[in-house]
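To keep things clear, I will list the structure first and then write my remarks on it.
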Amino acid sequence: MMVDRLPTSDSASVWPVWGTSARLVLTEPGLLPAARVLVDKELSAVEHACSRFLPDSEIRRAEAGVVVRISPLLRELVATALLAAERTAGAVDPTVGGCLDRLGYDRDLRLVLARDRIVTAEIVPAPGWRSVQLDGDRLTVPSGVRLDLGATAKAWAADRCAHLVADRLHCGVLVALGGDIATAGGGPLHGWQVLVQDMPEDPAEVVSLPSGGAVATSSTRSRRWTADGATHHHVVDPRVGQPVPGHWRSITVAADTCVDANTMSTAALVRGAMAVDWLRARGAPARLLDQDGRVTRLYWPAA
Amino acid sequence: MRTADRARRAARALTAALAAAGLLGTAGVAVAAANQDALTAGAGPGTAAQAQDGDDDSAEEGWLPSAPQIFGGFAAPHAQTGGS
């Protein structure tokens, strides 16, 4: 669980969303109310398109085993998820929805944690992203396959909201949805200052993110619950259908888009011990925190 | 590999060379491009095992997302990144 220890100020708006917190920061504080309206509307649209937990979300209705025409928004979200899967050779796979359900994460985490007992169903690998067909606005999700766009949809929403606010209101903007941060427009003179820290006991540092940049953190310590006496987290290895082993506590990656940053941080967690080489090969600015509290930095400033 | 990917990889190799020669302020964007083929081909326990039947790693191999230069921060943070 990320603990947002930053205060609310006149230039920032903070509110709960999707089981985490959203933070909106503008270079022109007077535009915050207008920006908040834009962001709220966009986040609501994304939620109704692809929420795993809303029974009437568009994606729930599309998991029908037949060809379904979908909205331009859901098409873009699914296309983004499939592209992430392709670019990571399936490490970031949207068909892990069923795996999460079987592990007990089948509703909002707050409700999961409130249940008396969670029984884990049989653990099986994810069906695989290649089983999903997207042809223009025609989506085919095989019967029994459950999609979870969580790894990419939140990052996509951060990117989308940041650009929307910058384009409409002509100001510098930072949008943070949990650990996913996107920026757009003209930022502060010395860049956006971003605190990198997952859990309160983790080492923390502040980095300067140039305007237009993005950063995302994936963690094995966040969104955890207990089922059948075992503690699970939400980053699932599609190969086995179980949460990735805790080689890393968290991995933070910067990129020009939040989708790219989140795709890399999630894929790196799945790759475990291979994460450093995989990120290095892509020239990705990254900060990795292992289970012993050691920090590895790639193209990342020293603390 | 697509032409655009080749161009990006070449650009990164050039950047790495410049950085190694001390012609950039930081080697932050330097990338071990030469290692990439070996990494993705050898793959270790990650890629090899998780590639499902018929998976083609070519898209992954060519994926070099662009990234900003990150500097040390020096002021009160505007936001926090952590797992979510």
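Same order as they appear, the protein sequences are chains A and B. The opening residue of the first sequence carries number 1 in the working numbering; numbering runs sequentially from there. The opening residue of the second sequence carries number 304 in the working numbering; numbering runs sequentially from there. Positions of the beta carbon are idealized from the N, C-alpha and C atoms, including for glycine.
Given that a residue counts as buried once 16 or more other Cβ atoms are within 10 Å of its Cβ, and exposed if not, what is leucine 111 of chain A? exposed
Secondary structure, beta strand (DSSP E): runs of 3+ residues fully inside the region 239–268 of chain A: 248–255
Would you call serine 44 of chain A buried or exposed, if buried means 16 or more other Cβ atoms sit within 10 Å of its Cβ? exposed
Rounded separation between arginine 287 of chain A and tryptophan 300 of chain A - CA only: 7 Å
Could you tell me whether any Cβ in chain A is nearer than 7 Å to the Cβ of serine 387 of chain B? yes
According to DSSP, is histidine 234 of chain A helix, strand or coil? coil
Where valine 37 of chain A falls, given that 16 or more other Cβ within 10 Å makes a residue buried: exposed
By Cβ distance below 7 Å, which residues in the same chain neighbour arginine 69 of chain A in space, the five residues on each side in sequence not counted? Asp137 and Arg138
What are the partner residues of tryptophan 18 of chain A, as DSSP defines its beta bridges? DSSP output for tryptophan 18 of chain A lists no bridge partner at all.
Do we get a CB-CB distance below 7 Å when we pair leucine 134 of chain A with the residues of chain B? no
Against chain A, does proline 369 of chain B count as a neighbour if the rule is that its beta carbon must be under 7 Å from one of theirs? Looking at the sequence itself, residue 369 of chain B is serine, so the reference to proline does not match. Yes - at least one Cβ of chain A is within 7 Å of the one on serine 369 of chain B.
Check threonine 329 of chain B in the structure and name its three-state DSSP category. For threonine 329 of chain B, the pLDDT reaches just 35, beneath the cut-off of 50, and the residue's location in the model is therefore unreliable, although a value from the coordinates is still provided. If DSSP states are grouped into helix, strand and coil, threonine 329 of chain B belongs with coil.
According to DSSP, residues forming a beta bridge with glutamate 205 of chain A: A/Val196
Measure the beta-carbon distance from aspartate 180 of chain A to alanine 162 of chain A and round it to whole angstroms, keeping in mind my assumption that it falls under 8 Å. 10 Å between Cβ atoms; not a contact.
Check distances from the C-beta atoms of the region 214–229 of chain A to those of chain B and list, in chain order, the residues that come in under 9 Å. Ala214, Val215, Ala216, Thr217, Ser218, Ser219, Thr220, Arg221, Ser222 and Arg223
In terms of residues, what are the limits of the beta strand (DSSP E) holding arginine 287 of chain A? 286–290
Quick check for students: name the residue ranges of the beta strand (DSSP E) that lie wholly in the region 17–97 of chain A, counting only runs of 3 or more. 20–26 and 67–69
Could you check what DSSP says for threonine 343 of chain B in three-state terms: helix, strand or coil? Because threonine 343 of chain B carries a pLDDT of 30, less than 50, the predicted location of this residue cannot be relied on, and the following value inherits that uncertainty. Of the three classes helix, strand and coil, the one that applies to threonine 343 of chain B here is helix, per DSSP.
Under 7 Å between C-beta atoms, does glycine 30 of chain A make it to chain B? no
Quick one: what's got a C-beta closer than 6 Å to glycine 27 of chain A's C-beta in the same chain, skipping five residues either side? The question names glycine, but residue 27 of chain A in the sequence shown is threonine. Taken in chain order, the residues that qualify are Cys171 and Gly172.
Between A/Ala214, A/Ile59 and A/Gly293, which lies nearest to alanine 261 of chain A when the distance is taken from Cα to Cα? A/Ala214
Per DSSP, cross-strand counterpart(s) of glutamine 372 of chain B: Per DSSP, none; premise fails for glutamine 372 of chain B.
Buried or exposed (CB count within 10 angstroms, at least 16 for buried), leucine 189 of chain A: exposed
Classify glycine 144 of chain A as buried or exposed, calling it buried when 16 or more other Cβ atoms lie within 10 Å of its own Cβ. exposed
Close beta carbons around glutamine 310 of chain A, own chain, < 6 Å, minus the five adjacent residues each side: Beyond the ends of chain A as shown, which are 1 and 303, falls residue 310 of chain A; an answer cannot be given.
Can you look up leucine 139 of chain A in the DSSP assignment and give me helix, strand or coil? strand
Please state the DSSP three-state secondary structure of valine 132 of chain A. coil
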